[in-house]
Every structure is written in C-alpha cells, then in structure tokens.
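Protein chains in written order, with my numbering: chain F, 31 to 396; chain B, 73 to 452.
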C-alpha cells in the first residue's frame, strides 16, 4: 500500500521564481500544500533607520532601491510627502515630466512582470520580447535621468533636470509602437491553451478577502474593486487625464494578468495626453529653500504604484532630517495573503500564484 | 543655530564624555583590583572594604542622579538642545549599564568572599534600588512638567504656521484649478465638466483670496471638519465621552481627521470605526509605530471605501512597557505590519497570532528604530 508522509520543503531563499531573496517553508502532503510559511527580511537594509540621519534630498536615492523595478513612483512618494507638509506647489512642466516618468515606469514594471511570470511558467521566449520593449523605456528614462534603474530623478519641488531636446517626441513615437507590441504579446501568450490551463481559476480570493488582507493595486482590482488612487484621490495632475481603471471580477491569477495588461494600455493613454499637453517651457523645479526643513508635525500620503498603494509617513520635528520616516510598501502588504492562497493548492500551482502577486523583494523587506 | 556648529559641539562633548567615562572606568578597575586583593585578607579587613565599596557605590549613584537631573533640566531649557540631550541620555544609559555591571560583579565577588553578610548586602542593594527608582521617577516627573510647559506656547506658533501653510496651499490649488479650467475651456472640453470645474475654481479662488486677506489669524475650517465632528459625535454617542484623548484635523497631512484614542479604548474605537454602519472604515491602509522618546505611538490609517474618507487613529503607549491590543482580529492585513513594529520598535501586540521578529531574526539584540538603540555586535 502507498503511504504518504508530511514533509517540509524549503523554497528559497535562493529560488529563481522569487526574483529576489525570499523563503517559503512548505509543509506538503504528497503534492498538496498543507501549510506555507513565508520568511522575509533577507534584504532588509534599514532604510527607515538610515533616513533618520539623512536630509530629505539624500533619502531619495534610497527609495530607488526599494521597488527597483519602478523607482520613479518611489521617488515621487517621498517628494510628495515633503511637498505636502511644506505646501510647495510644483511647476506644471515638472509635474508632466514626473507623470510621464512614472507612467513609463509603470509600463516597464508590468512588462518585466509579464516576462518573468510567463518565464516561470515555462514560456522562455516572451521574456525576450518583454525586455526588448522594456529596454526602450529604460533608454528613455536613462536620457531623462542619467540612470537605467536607480534614477534619483525627482526632487522636492520638481525634478532634477529638464528633459533633453526631442525627448518628448521620442515618447510620442514610442506609444504607438508599444500599443502594437501589446497586441503581439496577447497573440503570443494570452490565448495559449497551456498557459490558460495553468493560470485560470487558481489562487482565487474574494473582494472581502482582498480588503481584509489590505491588498491594493492589481491584486485588489482583480476582484472587481474599482479603486485607483490616481482616480479616486488624485494627486499630482492625474485629475486632468482621461483614463479608465481596469477591473476584473474573477479574482484568480488570470484576472490579475488581464488587469496588468489593461493597465499598460491605460498608462499609454495617459502618456499620450501628457505629450499633447506638455507645456512648451517653464521651470522644472519650484523655488524651495536650499536646506529643506519640513514643518513640525506628521503627514501620511499614499499614491498608486504599479504594485498598489505606496505610502510615505513623515514625522518631523522641524529639522532637516525626518524624525521618523516610514514607507507603506505595497508588496509587503500584498504578500501576506500568500499562505492563505497556497493552503490546499497543488505544489505545481505555487509558482503561478506567487508570481501573480507581483512582489519585489527590495520593497517587501524595506 | 547652524547645523555644523551643532555637530561640532556635539562631537566635542561626546569626546569629553568618552574621556571621562574612560577615566571613571580606569578608576573603577583600580578600585576593584584593590578590593580583590583585600578580599583575600581577614574578615575585619573585608568589612572595612565592603563599607568602603558601599560608600563608593552610593556616591556614584548620587552623582549619576545629580547628573541626570541636571541633564533633564538642561533639556527643558531649550528645544534646540534636543540632539545634545539625546547624546547625553545615551551616555547616561551607557554609564548606568556599566555601573550596573560593575555593581553586579562586585556583588558576586563579595558573595564569594563571605556569605554570612549576604543579608546586609541585599538590604543595601534594595535600598539603593529604591533610591534610584525614586530619583528616576522624580526626574521623569520633572521632565514631563517641563515639557508640558514648553509645549503650550509652541503649539500656538505651530498652529499659526500650519494655518499659514494651509492658506498658501488653498491659494495655490485654486490657481492651479483655475489654470486647468481655462485650458479646458480653450480646448473646448465638455460643457458640463467645464462649468463644474469653473465653479469649483471660482469657489476655491474665493476661499484662497479670503485666506490671503485675513492672514494667518483666521482661516476657514477644513473641508474635513464636518467629517471629524461626525466621527467624534458618533463615537461619543456609542462608546461614551471618555474614549478619545484628542481629535483634530491634521493640516499637514492633506487635512486628514485624526483621532487619538486612549490605550484602553484603542481596540474598541478601531473596531467601532470598522463595523459602524455610518462610518464603515473597512480598509487598513497603514499601521506603524513611532518612538517619541517620551512615549511610543502607534499610527493607523484607515479608509472607508463606502464614504471615500480617510481617518488616522493614534494611540500613545508607555515607552518602557509598550503593549497594545493587536488589530489582527479585525484585519488579517495587520499581521505583518504589527510584526514589523514589534521587531523595529519593541511594541508588543496582545492577541497577535504570531508576533515574531519579521525583518531582523529572533537573535537580534535591541529594537533599531528606538531612539536610544545601541548596535550590538559580538565581534566589536
């Protein structure tokens, strides 16, 4: 007679599908996962502690290294927090540059997610396509900021540099190209039966679960929750753009896939309008004091990153360094639901479910 | 006062302190050595040595208490010295720890020397401890009083500043809106939208200009004021008048209504905010702790999808014994953030399903985000 025994299985800390350092302790019975215990903290660098000895501008490079796949949104959230406290009005042109940078970042982030997600499922070639277009975006952002990943582009009150000549036109040319490619991606993967069999109907949760676990971003919108901070609590200049908040009702892995793809399209829409409305000239940074001192008090702001709601809390005692800085990191919150999703699942679904959460370990560990 | 100067002064002081500490250490060591040699001598000598040691310890404790009191006094004198204070506190803490270690060592030695007089020693230690506790309590009370005194005049200044900022902001927003509206008009946007935007811009502009005309002193109440009033009213209706310590609009944080709950009522208040039909704050957006040196604070940001409203709930905790009910029974999403607050700040959450050191690992010594954290490294 066959006899099965419960067994402990370590996934990670070094495992290709985690795209970082993340450990899962699985208790398995045959191929069924009985219990999953995530272990995090391998990439904890104490950003918040370090920030207590740094001036606000000096903290910005550290935010690049949290969510290193869409560093522009991280740049923005801390600048936005300080601006909110100090009551600084950011010049138009800077706002447009910021929004363009952030939306390009969102597209590149979703592209990277798509490429690696289907790579983990066994489709190796889409990654190359995803990286082809991502490379174009990184080149654009490189021209803008001088770096490919850790941009350090935004400043309190605006951005560091104006866009180089012809940059906006390059963005304009990029949009239709990207639209064309997205169609290609769908042809390549989305309708594929093997792919659908692996992602449809697994890792399901309801809207109530999503709210209970403080999920945000595509992880929340895949349950039919029409919620996007860009739309519902507009910051920067997002209230000027006409775009949709894509949602799905199913709440499974496939629905998250669709939401992210639809978000690429919406970001392209925003980029298009940005390019049209881009002010001819003007300053790219507001008049801010040389040494930035946030007034005494505290503030919490939140914005929409590709992974969900990223927030920044600053408690200031009026000095040039924050008294306490805290980031609300969406990956950290989103990952909490994983043990619940994995319980009772087959081990072959593990990678698809983990991949669909879309975590960046630099952000999880802070 | 410039930052560099501050820093230099701080450095100098730290150096001096280190020197003094080293000297004290050396002296202590010497004393200890003599004591050790004396311990071998006959019983009468031992008695003498003990008395001496006790006297020395007493003197040391007194000196420490004095120093502490002085420091706290100095701290209350001016806020600018906060940094200095911190350094001093740290030094004091280090000195204390050292003294404690020394005392322990001594006690051990003495115990080894003669066990008959253990009781006396114990008595002495008890008395000492009591005295130290008293001194500590007194100093704390003093510091608290000083702080309270200090805060009252400052609050006004801050308030005025915040108001001014708010006014400036309103103006700026109005300007931006007006600009946007004008642009939309130019481009021939939808008529209804246009009108709406215009109306809003006009209203905002009015508000802004009003703020500018009557500067600082009189600013119109925040748009969120009615919400705050409503929350407070509903909470007081259902939970009684004494569950909230404070409630205000945080002008710096996009005018978010902020409730400060009491430690005992914190869970009840948050539970009520979640389940009350009128309020319906069903989303935990953020939870973290802050070390304010005088106390710990837990900051919770909630959101109501039904009403599209945010609320911040804060609770102040005793810094030496920071414990608070966990929110895990209300939101599964509170699990990890609470672990993080426990790991980095040492706040204990009661009824938490699995409170562990999520970032640093169970063998880490201390809680790094505490302001008096001293890195511990076995190799140093």
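Ideal Cβ positions, reconstructed from N, Cα and C, are used throughout, including at glycine.
Alpha carbon of residue i to alpha carbon of residue j, nearest angstrom
i, j, result
"residue 284 of chain F", "residue 152 of chain F", "16 Å"
"residue 336 of chain B", "residue 347 of chain B", "19 Å"
"residue 148 of chain B", "residue 242 of chain F", "Note on residue 148 of chain B: pLDDT 48, under 50, position unreliable in the model; the coordinate value appears next. In a straight line, the C-alpha of residue 148 of chain B is about 45 Å away from that of residue 242 of chain F."
"residue 143 of chain F", "residue 388 of chain F", "7 Å"
"residue 252 of chain F", "residue 81 of chain B", "57 Å"
"residue 324 of chain B", "residue 382 of chain F", "42 Å"
"residue 305 of chain F", "residue 141 of chain F", "21 Å"
"residue 291 of chain F", "residue 365 of chain B", "47 Å"
"residue 422 of chain B", "residue 413 of chain B", "13 Å"
"residue 342 of chain B", "residue 447 of chain B", "35 Å"
"residue 193 of chain F", "residue 435 of chain B", "49 Å"
"residue 239 of chain F", "residue 259 of chain F", "20 Å"
"residue 186 of chain F", "residue 113 of chain F", "6 Å"
"residue 184 of chain F", "residue 110 of chain F", "10 Å"
"residue 391 of chain F", "residue 176 of chain F", "24 Å"
"residue 250 of chain F", "residue 338 of chain F", "8 Å"
9 Å Cβ cutoff met for residue i and residue j
i, j, result
"residue 39 of chain F", "residue 70 of chain F", "no"
"residue 399 of chain F", "residue 103 of chain F", "Any answer about residue 399 of chain F is impossible in this case: the structure gives chain F only from 31 up to 396."
"residue 266 of chain F", "residue 373 of chain F", "no"
"residue 417 of chain B", "residue 361 of chain B", "yes"
"residue 340 of chain F", "residue 358 of chain F", "yes"
"residue 333 of chain F", "residue 129 of chain F", "no"
"residue 371 of chain B", "residue 331 of chain B", "no"
"residue 280 of chain F", "residue 231 of chain F", "yes"
"residue 277 of chain F", "residue 254 of chain F", "yes"
"residue 311 of chain B", "residue 340 of chain B", "yes"
Assigned secondary structure, residue i (DSSP; H/G/I helix, E/B strand, else coil)
i, result
"residue 128 of chain F", "helix"
"residue 411 of chain B", "helix"
"residue 350 of chain B", "coil"
"residue 451 of chain B", "coil"
"residue 332 of chain B", "strand"
"residue 110 of chain F", "helix"
"residue 438 of chain B", "coil"
"residue 35 of chain F", "coil"
"residue 344 of chain B", "helix"
"residue 62 of chain F", "strand"
"residue 52 of chain F", "coil"
"residue 362 of chain F", "helix"
"residue 214 of chain F", "helix"
"residue 337 of chain B", "coil"
"residue 368 of chain B", "strand"
"residue 262 of chain F", "helix"
"residue 361 of chain B", "strand"
"residue 324 of chain F", "coil"
"residue 74 of chain F", "coil"
"residue 426 of chain F", "The question about residue 426 of chain F has no answer here: the residues shown for chain F are numbered 31 through 396."
"residue 93 of chain F", "helix"
"residue 383 of chain F", "helix"
"residue 221 of chain B", "Low confidence applies to residue 221 of chain B: its pLDDT is 48, below 50, so where it sits in the model is not reliable, and the reading given next is rough at best. DSSP places residue 221 of chain B in helix when its eight states are reduced to three."
Contact list for residue i against chain F, beta-carbon separation under 9 Å
i, result
"residue 376 of chain B", "Neighbours of residue 376 of chain B on chain F: none; closest Cβ ~11 Å, over 9 Å."
"residue 404 of chain B", "239, 242, 243, 244, 366, 367 and 370"
"residue 373 of chain B", "330, 332, 341, 343 and 358"
Chain-ordered chain B contacts of residue i [CB-CB under 8 Å]
i, result
"residue 74 of chain F", "431 and 432"
"residue 339 of chain F", "357"
"residue 363 of chain F", "405, 408 and 409"
"residue 83 of chain F", "Ordered by position in chain B, no residue passes the 8 Å Cβ test against residue 83 of chain F, which lies about 11 Å from the chain."
Partners in chain F for residue i, counting only beta-carbon separations shorter than 7 Å
i, result
"residue 360 of chain B", "343 and 356"
"residue 439 of chain B", "Simply none; closest approach about 10 Å."
Under 7 Å from the C-beta of residue i: neighbouring residues of chain B
i, result
"residue 249 of chain F", "None at all; the shortest Cβ gap to chain B is about 12 Å."
"residue 262 of chain F", "380"
"residue 203 of chain F", "Simply none; closest approach about 23 Å."
"residue 332 of chain F", "357"
"residue 65 of chain F", "Within chain B, no residue comes near residue 65 of chain F; the closest Cβ sits about 12 Å away, beyond 7 Å."
"residue 79 of chain F", "440 and 441"
"residue 70 of chain F", "430"
Minimum Cβ-Cβ distance from residue i to chain A less than 9 Å
i, result
"residue 336 of chain F", "Absent from the structure is chain A; the protein chains it does hold are F and B."
Chain-ordered chain F contacts of residue i [CB-CB under 8 Å]
i, result
"residue 384 of chain B", "330"
"residue 326 of chain B", "114, 329 and 331"
"residue 354 of chain B", "241"
Closer than 9 Å at the beta carbon, the chain B residues around residue i
i, result
"residue 97 of chain F", "In chain order: nothing, as chain B lies at least about 16 Å away."
For a minimum of 4 consecutive residues, which ranges assigned as the alpha helix (DSSP H) are wholly contained in the stretch 264-290 of chain F? none
Identify every run of the alpha helix (DSSP H) within the stretch 126-194 of chain F, keeping only runs that are complete inside it and at least 4 residues long; order them along the chain. 155-175
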